[in-house]
Amino acid sequence: MILANIAGQMAYSMLSLYLIDLGASVGQVGLVFTLASLVPIALQIFGGWFSDTVGRLKAIAFGSTISVFGYIFFFTAPSWEWVLVGLCVEFVSNSFVGPSFSAYIAEQSDEATRGRVFGITSGIYMVVTVIGPALAGYLVYRTNFRYMMAIAFIFYLLATIVRIWMALSERF
Numbered sequence: 006m007i008l009a010n011i012a013g014q015m016a017y018s019m020l021s022l023y024l025i026d027l028g029a030s031v032g033q034v035g036l037v038f039t040l041a042s043l044v045p046i047a048l049q050i051f052g053g054w055f056s057d058t059v060g061r062l063k064a065i066a067f068g069s070t071i072s073v074f075g076y077i078f079f080f081t082a083p084s085w086e087w088v089l090v091g092l093c094v095e096f097v098s099n100s101f102v103g104p105s106f107s108a109y110i111a112e113q114s115d116e117a118t119r120g121r122v123f124g125i126t127s128g129i130y131m132v133v134t135v136i137g138p139a140l141a142g143y144l145v146y147r148t149n150f151r152y153m154m155a156i157a158f159i160f161y162l163l164a165t166i167v168r169i170w171m172a173l174s175e176r177f
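Numbering (the numbering used here), first residue to last: 6 to 177.
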């Protein structure tokens, strides 16, 4: 989750600026986030059902695999409209990973320590909200948006490989 969330924080923290760099107006930036937000609204319940049906780690691996394609759209996008498509694809992934990860953490923790486990998990997530944007800003400053998105893709691809490995290695 750390690698995936660093990638997400890298991409999301710079997405508005990237869209503008690709020629979007401020109104179109708002439209991108509004339209993309409809995806998890439509799919979040299905993602939870899928997680219940196939298993938490398999749902996380499946969602991550979908997200890899969203990141490919991010760094290859010739225009802001392609970033919108990539964001929608990435949000499909969120609909599978989000409910599955929370349920997985709950199932893998003792009732007596569940609060602490969620506290640690949330704390780790807060760390990536510092690392991701800082790394993204540094990379964009030193290179460009496309390069930064390619690095975010590599982080997410590595996370997906780990998630697939975990799903295939899961013992019942």
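For glycine and all other residues, C-beta sits at the position ideal for the given N, C-alpha and C. In this text the structure is predicted, and so the values were computed from the model without any measurement.
Quiz prompt | Residue nearest to residue 138 in terms of C-alpha spacing, selected from 154, 74 and 41 | solution = 154
Quiz item: What are the boundary residues of the alpha helix (DSSP H) that residue 114 is part of?
Solution: No alpha helix (DSSP H) holds residue 114; DSSP gives it neither H nor E.
Quiz item: With residue 78 and residue 64 assumed to form a contact (beta carbons below 8 Å), what rounded beta-carbon distance in angstroms separates them?
Solution: Actually they are not in contact, since the Cβ atoms of residue 78 and residue 64 sit about 22 Å apart, beyond 8 Å.
Quiz prompt | Spatially closest choice to residue 16 from 129, 116, 140 and 28, by CA coordinates | solution = 140
Exercise. Closer than 8 Å by C-beta to residue 163: which residues in its own chain qualify, once you throw out the five before and the five after it? Chain order, please.
Key: 8
Practice problem: Label residue 68 either buried or exposed according to how many other C-beta atoms from any shown protein chain fall within 10 Å of its C-beta, with 16 as the threshold for buried. | Solution: buried
Quiz item: CA-CA distance, residue 145 and residue 116?
Solution: 44 Å
Self-check item: Outcome for residue 88 when other beta-carbon atoms lying within 10 angstroms are tallied against a minimum of 16
Solution: buried
Quiz item: Can you find at least 3 beta carbon pairs, one from the stretch 71 to 85 and one from the stretch 17 to 29, that sit closer than 8 Å?
Solution: yes
Quiz item: Between the stretch 39 to 48 and the stretch 91 to 100, do three or more beta carbon pairs fall short of 8 Å?
Solution: yes
Quiz item: Run through DSSP, which three-state label would residue 83 get?
Solution: coil
Quiz item: If we ignore side chains and look at the alpha-carbon of each, how far apart do residue 168 and residue 160 end up?
Solution: 12 Å
Quiz item: Do residue 71 and residue 94 have their C-beta atoms within less than 8 Å of each other?
Solution: yes
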